[in-house]
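Peer 1:
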Amino acid sequence: MVEENPYQATEVAASARPGSGLSLPILFALAIGGPFVVAVGVVFATGTAQRFFWLLEQAAPLYVVAWPVSVPLFVFLFVSHHHLSSTKSLNDRRLLWLAPLPDIAVAMLVLGAVYAGPLGHQYPSWTMDLMPAGLFVAVGVVVLAVVFNVGRRWFVGALGLLLLLFVLACSITAGMSITGDWI
Numbered sequence: 004m005v006e007e008n009p010y011q012a013t014e015v016a017a018s019a020r021p022g023s024g025l026s027l028p029i030l031f032a033l034a035i036g037g038p039f040v041v042a043v044g045v046v047f048a049t050g051t052a053q054r055f056f057w058l059l060e061q062a063a064p065l066y067v068v069a070w071p072v073s074v075p076l077f078v079f080l081f082v083s084h085h086h087l088s089s090t091k092s093l094n095d096r097r098l099l100w101l102a103p104l105p106d107i108a109v110a111m112l113v114l115g116a117v118y119a120g121p122l123g124h125q126y127p128s129w130t131m132d133l134m135p136a137g138l139f140v141a142v143g144v145v146v147l148a149v150v151f152n153v154g155r156r157w158f159v160g161a162l163g164l165l166l167l168l169f170v171l172a173c174s175i176t177a178g179m180s181i182t183g184d185w186i
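In my numbering, the protein residues as written are 4 to 186.
(1) Keeping to the same chain, check which residues put their C-beta closer than 7 Å to that of Gly22; ignore five residues upstream and five downstream.
(2) Using three-state DSSP, classify Ser92 as helix, strand or coil.
(3) Return helix, strand or coil for Arg155, following the three-state DSSP convention.
(4) Under 6 Å Cβ to Cβ from Leu65, same chain only, skipping five residues before and after it: list those, please.
(5) From Phe47, Ile35 and Gly154, pick the residue whose C-alpha is nearest to that of Ala102; which is it?
(6) In three-state terms, what does DSSP make of Trp185?
(7) Which term fits Gln125, buried or exposed, when burial requires 16 or more other beta carbons within 10 angstroms of its beta carbon?
(8) In the DSSP assignment, find the unbroken alpha helix (DSSP H) run with Ala62 in it and report its ends.
(9) On a Cα-Cα basis, can you pick out the residue from Phe81, Phe158 and Gly163 that is closest to Val145?
(10) Please determine, among Phe169, Trp185 and Leu25, the residue with the shortest C-alpha to C-alpha distance to Pro105.
(11) From what residue to what residue does the alpha helix (DSSP H) around Ala110 run?
(12) Starting from Ala48, trace the alpha helix (DSSP H) in both directions and tell me its first and last residue.
(13) Specify the secondary structure class of Pro135 as computed by DSSP and reduced to three states.
(14) Using 7 Å as the threshold, is the C-beta distance between Ala116 and Val46 below it?
(15) Measuring straight from C-alpha to C-alpha, what distance separates Phe77 and Gly160?
(16) Can you tell me which of Asp184, Ile175 and Thr182 puts its alpha carbon nearest to the alpha carbon of Gln61?
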């Protein structure tokens, strides 16, 4: 006679979990695309779309400028992705922890586009308070993503650091746009 342990976690059927019918790429598209559509709507509604895309163009080359950091991270990301794709462990919803990072970067660029001005103009002080706050939130998201993705920590760490580098570039670019003080 086999006794069942009432304290042992039981298997939950996949159909019983909420949202289990959606695949991981669709969930990523919803998690990233929803806030991105709102941000693009704000940019087009305020008439700052050209400035937004120019700021994005200014932030993107940081991967080239910071090549001693970005190239090894891209190589490590490729190697860990190749290893994880052979073990079929990339289809886990805990990877969604990384979804807010592109949204944070886009939100910073939206602030930089909407509140841009020349050097010496008066800008709302809260806009500059959001730049370090966004960076701290992004660092916290990366740390939590690495902690909760057991078995995928190297992949999540490399991807998280690459996305964090992009958030840093967007934060610096948006801050320069708001203050008007360009490097």
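Where a beta carbon is used, it is the ideal one built from N, C-alpha and C, also for glycine. Only a predicted model underlies this, so the values are computations on that prediction, with no experimental measurement involved.
Peer 2: On the basis of the data shown:
(1) Unreliable positioning characterises Gly22 in this predicted model, as indicated by a pLDDT of 49, which lies under 50. A coordinate reading is not provided.
(2) coil
(3) coil
(4) Ala172
(5) Ile35
(6) coil
(7) exposed
(8) Ala52 to Ala62
(9) Gly163
(10) Phe169
(11) Pro103 to Val117
(12) Leu27 to Thr49
(13) helix
(14) yes
(15) 11 Å
(16) Ile175
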